[in-house]
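Engineer:
2 protein chains.
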Amino acid sequence: MSQAVRNRRIVLAARPRGEPVDGDFRLDDEVLPLPRKGQVLLRNHWLSLDPYMRGRMNAGRSYVRPLEIGDTLGGATVAQVVESMHPEWAPGDWVLAYGGWQDYVVAEGDTLTRRLDPTTLPLTTALGVYGMPGFTAYAGLHEIGRPKPGETLVVAAASGPVGATVGQIAKLRGARVVGIAGGERKVAHLRDELGFDVALDHRAPDFAAQLAAAVPDGIDVYFENVGGKVFEAVLPLLNDFARVPVCGLVAHYNDTAPPPGPDRLPQAMGLILSRHLTVRGFIQSDFIGLYPEFLREMGAWLREDRILYREDVVDGLEHAPQGLIGLLRGDNFGKRLVRIVP
Amino acid sequence: MSQAVRNRRIVLAARPRGEPVDGDFRLDDEVLPLPRKGQVLLRNHWLSLDPYMRGRMNAGRSYVRPLEIGDTLGGATVAQVVESMHPEWAPGDWVLAYGGWQDYVVAEGDTLTRRLDPTTLPLTTALGVYGMPGFTAYAGLHEIGRPKPGETLVVAAASGPVGATVGQIAKLRGARVVGIAGGERKVAHLRDELGFDVALDHRAPDFAAQLAAAVPDGIDVYFENVGGKVFEAVLPLLNDFARVPVCGLVAHYNDTAPPPGPDRLPQAMGLILSRHLTVRGFIQSDFIGLYPEFLREMGAWLREDRILYREDVVDGLEHAPQGLIGLLRGDNFGKRLVRIVP
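Going down the list, the protein sequences come from chains A and B.
Residues in the first sequence are numbered from 1 upward in steps of one, following the UniProt record's numbering.
Residues in the second sequence are numbered from 1 upward in steps of one, following the UniProt record's numbering.
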């Protein structure tokens with residue numbers, strides 16, 4: 001190409017107060033510099049939308065430094081090399097990149113660690129079940145949840161890419177799995193397609209009673225990616241020595257202040273003590289040493305259709321903001337992706 | 001002796017509402033049966049008073065089944081064999097027993113696992129630093145807290161038998177130790193006798209600010225045995241990957257209802273997630289496999305005066321209720337014991 005590239009990108013226009021709105025994002029335009037020695041020019045084809053992105057829009061301490069106003073929003077992408085000044089990358093190569101909410105990105109070739117083969121699994125799996133969300137499920141179960149055969153595992157947001165993978169891996173490990181989702185379609189998917197032992201709708205007025213009835217032997221692993229009233233219903237049902245890997249709290253990402261009382265923290269700490277619970281926060285990169293094992297084992301499961309996945313595609317970079325806003329409300333049904341290149 | 005033994009014992013007269021009162025206990029009297037084959041008659045000389053006893057006075061699920069009204073209160077004792085129908089025990093032998101709040105107990109000889117040697121360490125250490133509280137400190141640090149040299153550990157109730165031992169072991173392991181206690185005498189003890197790096201009084205009006213100033217590098221291990229406002233001050237200061245072993249929550253044992261709002265649980269879960277925290281409840285028996293190592297290592301430390309301890313003695317079985325009531329208020333200065341035999 002070797003000529004200036006016009007790049008559309010979505011930047012943080014304002015810090016959201018509570019739920020993000022359209023005006024917190026702005027579609028911007030720039031001319032990209034050409035790649036220099038060691039760099040590659042990538043075209044983003046698919047952008048991953050993930051709940052963690054909400055946290056990065058706030059000021060203050062989070063996983064990583066927050067975005068500044070005017071910064072391009074970050075995100076994992078499936079991208080194709082357009083131009084390369086790096087010996088290991090050639091035009092046409094596919095790669096998993098942290099390409100962001102934009103058409104193109106210039107990246108250091110050395111930072112691109114995962115080459116994608118479009119002939120084995122669909123490329124988009126690298127953003128979902130065979131990427132960060134799937135590895136979150138795998139690592140959180142392997143290192144913290146450790147479901148044993150016959151134990152009961154509960155997971156919420158269970159039709160999402162983390163939850164669905166958690167439940168299916170736990171089934172493969174011999175656990176009894178209760179999945180929680182919002183709405184009858186998702187519940188039916190968990191029950192009829194993913195083979196969960198029980199699937200519950202958290203919108204049911206008697207949800208807490210349904211959950212209690214669904215776990216006659218209590219809960220040994222609660223994979224926490226939601227928080228809110230699901231956690232509230234789970235807490236009293238946890239067994240002695242239960243494990244609670246915490247990888248997300250999407251019910252709270254739009255909170256602007258602590259909810260009204262009573263203060264349930266002392267009661268929760270009391271249960272942690274009296275039931276010998278382990279509650280542990282993590283992100284998948286904490287266990288990056290497991291990644292090769294994940295790629296091997298999950299790759300085999302996917303090729304053998306022992307793990308299934310769903311995708312939920314938003315068309316067009318310009319619709320990514322609405323895609324994220326909806327994701328935070330639970331509108332997605334499966335892994336939410338933005339198709340940037342039609 | 002071989003004649004009927006009159007036994008004074010203290011029974012649960014009523015379930016406390018909030019802080020226990022004298023009327024919740026009753027001094028009772030009974031004639032003990034003589035030991036049968038395999039049993040021993042023990043005279044309790046020293047009774048341990050421990051915060052966990054408050055939980056057992058409630059109805060409902062706790063570590064173990066709750067007491068019923070009329071039951072003798074349980075507790076660890078240093079006892080001497082009076083009469084033995086068991087081949088391995090002889091009159092005069094000293095033993096660590098779960099003898100309860102009473103003068104005598106008939107025990108199965110096979111259940112007595114720890115013979116005490118009065119010529120090495122003082123017998124009472126088997127109820128404190130060289131017993132359950134000391135092992136709680138040792139095991140919680142070894143299995144969960146894992147302080148590394150140079151890391152910062154914070155412990156509350158730091159002049160009590162668990163806290164003082166936690167702080168001293170952490171110092172031996174190379175950590176920087178901040179101890180928290182109530183009142184100037186206790187604070188001076190931590191600083192001047194136990195050699196903690198910093199000692200703070202939680203009663204100070206600016207306690208939270210003092211704590212923040214005392215941990216310029218944040219907190220890597222918070223050994224939780226108190227809860228309440230100390231935990232509140234600690235939470236925002238925890239570092240990424242901090243560990244919080246939870247072995248007690250004495251500030252809440254007399255709670256009758258959740259405190260007023262706001263609800264701090266979502267915020268705490270948010271910190272567990274964003275800072276990759278591990279919060280784990282335990283009791284020492286979860287790690288009983290470590291006990292021989294504890295006896296060996298702690299025994300050496302005690303003989304070499306590398307670990308110091310304090311005792312706080314209440315005289316007379318009839319004063320045990322007031323001893324426990326005061327313990328739950330933090331009136332004790334060191335390990336609280338009841339001397340049953342003058």
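Built from N, CA and C at the ideal position, the CB exists for glycine as well.
Just so we're clear, the structure is a prediction, and the values are computed from it rather than from any experiment.
If Gly-75 of chain B and Trp-101 of chain B are in contact, beta carbons under 8 angstroms, what's the gap, nearest whole angstrom?
Structural biologist: 6 angstroms
Engineer: Report the rounded CA-to-CA distance for Leu-141 of chain B versus Val-21 of chain B, giving the unit in angstroms.
Structural biologist: 34 angstroms
Engineer: Closer than 9 angstroms, Cβ to Cβ, to anything on chain A: give me those residues from the region 254 to 276 of chain B, in chain order.
Structural biologist: Taking 9 angstroms as the cut-off between beta carbons, the residues of the region 254 to 276 of chain B near chain A are Asp-255, Ala-257, Pro-258, Pro-259, Pro-260, Gly-261, Pro-262, Asp-263, Arg-264, Leu-265, Pro-266, Gln-267, Ala-268, Met-269, Gly-270, Leu-271, Ile-272, Leu-273, Ser-274, Arg-275 and His-276, in sequence order.
Engineer: Return no unless some Cβ of chain B is closer than 8 angstroms to the Cβ of Arg-280 of chain A.
Structural biologist: yes
Engineer: Buried or exposed: which applies to Ala-204 of chain B, given that a residue is buried once 16 or more other Cβ atoms fall within 10 Å of its Cβ?
Structural biologist: Of the residues assessed, Ala-204 of chain B falls on the exposed side of the cut-off, its CB having fewer than 16 other CB atoms within 10 angstroms.
Engineer: Shorter than 8 angstroms from the beta carbon of Val-246 of chain A to some beta carbon of chain B?
Structural biologist: Yes, Val-246 of chain A lies at the interface with chain B (some Cβ there is under 8 angstroms from its Cβ).
Engineer: Tell me where the beta strand (DSSP E) around Ser-84 of chain A begins and ends.
Structural biologist: DSSP places Ser-84 of chain A in the uninterrupted beta strand (DSSP E) bounded by 77 to 84.
Engineer: Run through DSSP, which three-state label would Leu-249 of chain B get?
Structural biologist: coil
Engineer: Any beta-carbon of chain A closer than 8 angstroms to the one on Asp-50 of chain B?
Structural biologist: Cβ-Cβ to chain A under 8 angstroms: no for Asp-50 of chain B.
Engineer: Against chain A, with Cβ distances strictly below 8 angstroms, would Leu-211 of chain B count as a contact?
Structural biologist: False, the Cβ-Cβ gap to chain A never drops below 8 angstroms.
Engineer: Residues of chain A with CB under 9 angstroms from Asp-286 of chain B, in chain order?
Structural biologist: Correct list: Phe-241 and His-276.
Engineer: Please check the pair Ala-139 of chain A and Asn-225 of chain A, which I expect to be a contact at CB under 8 angstroms, by giving their CB distance rounded to whole angstroms.
Structural biologist: The pair is not a contact, with the Cβ atoms about 13 angstroms apart (cut-off 8 angstroms).
Engineer: What residue does the beta strand (DSSP E) around Thr-278 of chain B start on, and which one ends it?
Structural biologist: 278 to 281
Engineer: Find the residues of chain A that neighbour Gly-330 of chain B, judging by a C-beta separation of less than 9 angstroms, and give them in chain order.
Structural biologist: The premise fails here: Gly-330 of chain B is roughly 17 angstroms from chain A at the closest Cβ pair, so nothing lies under 9 angstroms.
Engineer: Could you give the DSSP three-state label for Thr-256 of chain B: helix, strand or coil?
Structural biologist: Judged by DSSP in its simplified three-state form, Thr-256 of chain B adopts coil rather than helix or strand.
Engineer: For Ser-48 of chain B, count the other beta carbons within 10 Å of its own beta carbon; 16 or more makes it buried, fewer makes it exposed. Which is it?
Structural biologist: buried
Engineer: Might you give, ordered along the chain, the residues of its own chain that have their beta carbon closer than 6 angstroms to the beta carbon of Phe-241 of chain A, omitting 5 neighbours on each side?
Structural biologist: His-276
Engineer: Name, please, each residue of chain A whose Cβ falls closer than 8 angstroms to the Cβ of His-252 of chain B.
Structural biologist: Pro-266, Met-269 and Gly-270
Engineer: Comparing C-alpha positions only, which one of B:Val-215, B:Val-154 and B:Asp-217 sits nearest to Leu-190 of chain B?
Structural biologist: B:Val-154
Engineer: With a threshold of 8 angstroms between beta-carbons, can Leu-141 of chain A be considered close to chain B, or not?
Structural biologist: No - not a single Cβ of chain B is within 8 angstroms of the one on Leu-141 of chain A.
Engineer: How far does the beta strand (DSSP E) with Arg-43 of chain A in it extend, from its first residue to its last?
Structural biologist: Start and end: 39 to 48.
Engineer: With a cut-off of 8 angstroms on the beta carbons, I'd call Ala-164 of chain A and Ile-180 of chain A a contact; round off their distance for me.
Structural biologist: With a Cβ gap of about 12 angstroms, Ala-164 of chain A and Ile-180 of chain A do not count as contacting.
Engineer: Would you mind telling me which residues of chain B sit closer than 8 angstroms to Leu-249 of chain A, beta carbon to beta carbon, in chain order?
Structural biologist: Pro-266, Met-269, Gly-270 and Leu-273
Engineer: Are the beta-carbon atoms belonging to Trp-46 of chain B and Arg-339 of chain B less than 8 angstroms from one another?
Structural biologist: Between Trp-46 of chain B and Arg-339 of chain B, the CB-CB gap stays under 8 angstroms.
Engineer: For Gly-128 of chain B versus Pro-149 of chain B, is the C-beta spacing smaller than 8 angstroms?
Structural biologist: no
Engineer: Taking Glu-184 of chain A as part of the alpha helix (DSSP H), name the residues at either end of that continuous run.
Structural biologist: 184 to 188
Engineer: Look at the alpha carbon of Gly-70 of chain A and the alpha carbon of Ala-13 of chain A, and state the distance between them as a whole number of angstroms.
Structural biologist: 6 angstroms
Engineer: For Pro-211 of chain B and Ala-233 of chain B, which I take to be in contact (beta-carbon distance under 8 angstroms), what is that distance rounded to the nearest angstrom?
Structural biologist: According to the sequence displayed, residue 211 of chain B carries Leu and not Pro. The Cβ separation is near 5 angstroms, so the contact holds.
Engineer: Can you pull the chain A residues whose beta carbon is under 7 angstroms from the beta carbon of Gly-227 of chain B, in chain order?
Structural biologist: Pro-266 and Met-269
Engineer: Which two residues bound the contiguous beta strand (DSSP E) that contains Val-221 of chain B?
Structural biologist: 219 to 223
Engineer: Rounded to a whole number of angstroms, what is the C-alpha to C-alpha distance between Leu-200 of chain A and Val-187 of chain A?
Structural biologist: 6 angstroms
Engineer: Indicate the three-state DSSP secondary structure (helix, strand or coil) for Thr-152 of chain B in the structure shown.
Structural biologist: strand
Engineer: Just the C-alpha distance for Ala-214 of chain B and Ala-170 of chain A, rounded to the nearest angstrom, thanks.
Structural biologist: 44 angstroms
Engineer: Say whether the region 298 to 312 of chain B touches the region 18 to 35 of chain B, bearing in mind that this needs 3 or more beta-carbon pairs closer than 8 angstroms, one atom from each stretch.
Structural biologist: no
Engineer: Name, in chain order, the residues that DSSP records as bridge partners for Val-338 of chain B.
Structural biologist: B:Leu-47 and B:Val-314
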